[in-house]
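The structure appears right after this line, and notes come after that.
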Amino acid sequence: TQLLEQSPQFLSIQEGENLTVYCNSSSVFSSLQWYRQEPGEGPVLLVTVVTGGEVKKLKRLTFQFGDARKDSSLHITAAQPGDTGLYLCAVNRGTYKYIFGTGTRLKVLA
Amino acid sequence: DTGVSQDPRHKITKRGQNVTFRCDPISEHNRLYWYRQTLGQGPEFLTYFQNEAQLEKSRLLSDRFSAERPKGSFSTLEIQRTEQGDSAMYLCASSSRGPEGAFFGQGTRLTVV
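Taken in sequence, the protein lines are chains Z and Y.
Using this note's numbering, read the first sequence as starting at 84 and increasing by one per residue.
Using this note's numbering, read the second sequence as starting at 419 and increasing by one per residue.
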């Protein structure tokens, strides 16, 4: 079983629409990261959330850490084709190794 | 500093050959990670270094895989007697102490034919 379950797995939307992707677990974490990865490239760190209930904004992206620090969401407002990519959540386990979720593959159509 | 650097970006090799990849982390980062990623999956942890010490290895890292980080700077990942199942993107990442997350290189795409 996966430590981090992401949903949906795939999402195809029109430019200008809003969307939310989720990262869920039954475990509690001290911090959680979100990454975006484009084809053929490494993941790029977007944000780290640390405190339960924390909300962070990065331009049109809003990240929230669940109150119980078991889950997180990423909301994109007015999606653009440049937002297309694989969105990954990750957490620290053990000696600071990072474990990744299953990923949400987003495609924004112009 | 331009971030984490990996070399080569792409490698095509015949089954049975040995390959070696290099990773140069962000200079002030003492933690270095290797991951493997196959199509449609998230990165899978392979191994972790703190300075020059290899502190953790995944069960995914068979005897054919070896990683080093001499002097706690750059790292190499060697795969001996490559198999077709080794075809994947190999990612290197580095981080400092603390929860801020890891920074990844662009990866090395390995194709075993």
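For glycine and all other residues, C-beta sits at the position ideal for the given N, C-alpha and C.
Within 8 angstroms, strictly: CB atoms of residue i and residue j
i         : j         : result
Gly525(Y) : Gln424(Y) : yes
Lys170(Z) : Leu192(Z) : Note that residue 170(Z) corresponds to Tyr in the displayed sequence, not to Lys. No, they are not a contact pair.
Leu157(Z) : Trp117(Z) : yes
Gly184(Z) : Gly460(Y) : yes
Gln120(Z) : Tyr105(Z) : no
Val127(Z) : Pro517(Y) : no
Ile159(Z) : Asn101(Z) : yes
Thr456(Y) : Ala506(Y) : yes
Pro91(Z)  : Thr187(Z) : yes
Arg477(Y) : Leu450(Y) : no
His428(Y) : Arg527(Y) : yes
Classification of residue i by the beta-carbon crowding that lies within 10 angstroms, buried from 16 upward
i         : result
Asp504(Y) : buried
Asn175(Z) : buried
Gly481(Y) : In the sequence under discussion, the amino acid at residue 481(Y) is Asp, which differs from the Gly named in the question. Looking at its Cβ environment, which holds fewer than 16 other Cβ atoms inside 10 Å, Asp481(Y) is exposed.
Val138(Z) : exposed
Phe467(Y) : buried
Val531(Y) : exposed
Ala151(Z) : exposed
Gly125(Z) : buried
Gly168(Z) : buried
Ser513(Y) : buried
Gly523(Y) : buried
Thr420(Y) : exposed
Leu495(Y) : buried
Gly99(Z)  : exposed
Phe521(Y) : buried
Pro443(Y) : buried
Leu141(Z) : exposed
Ala161(Z) : exposed
Ser95(Z)  : exposed
Ser110(Z) : exposed
Top-ranked residue by Cα proximity to residue i, from the options
i         : options                                       : result
Glu501(Y) : Tyr453(Y), Arg440(Y) and Phe483(Y)            : Phe483(Y)
Lys153(Z) : Gln120(Z), Ser114(Z), Arg119(Z) and Arg188(Z) : Ser114(Z)
Leu464(Y) : Lys180(Z), Ala193(Z) and Gly136(Z)            : Lys180(Z)
Gly136(Z) : Gln92(Z), Ile96(Z) and Phe112(Z)              : Phe112(Z)
Arg440(Y) : Leu450(Y), Pro426(Y) and Tyr453(Y)            : Pro426(Y)
Asp166(Z) : Gln97(Z), Gln92(Z) and Pro91(Z)               : Gln97(Z)
Asn436(Y) : Arg499(Y), Leu528(Y), Ala511(Y) and Arg527(Y) : Arg499(Y)
Cys510(Y) : Glu474(Y), Glu470(Y), Trp452(Y) and Arg527(Y) : Trp452(Y)
Ala471(Y) : Leu479(Y), Ser493(Y), Gly458(Y) and Arg454(Y) : Ser493(Y)
query = Along the chain, which unbroken stretches of the beta strand (DSSP E) at least 3 residues long are found entirely within the segment 439 to 522 of chain Y?
reply = If one requires a minimum length of 3 residues, the beta strand (DSSP E) runs lying completely within the segment 439 to 522 of chain Y are 449 to 455, 462 to 468, 471 to 475, 483 to 486, 493 to 497 and 506 to 513, in chain order.
The segment 144 to 158 of chain Z in contact with the segment 432 to 452 of chain Y per 3-pair CB rule at 8 angstroms = Contact fails: fewer than three Cβ-Cβ distances are below 8 angstroms.
request  = For the segment 132 to 185 of chain Z, list the alpha helix (DSSP H) runs that are entirely contained and at least 4 residues long, ordered along the chain.
outcome  = Listed in chain order, nothing qualifies, since the segment 132 to 185 of chain Z has no complete alpha helix (DSSP H) run of 4 or more residues.
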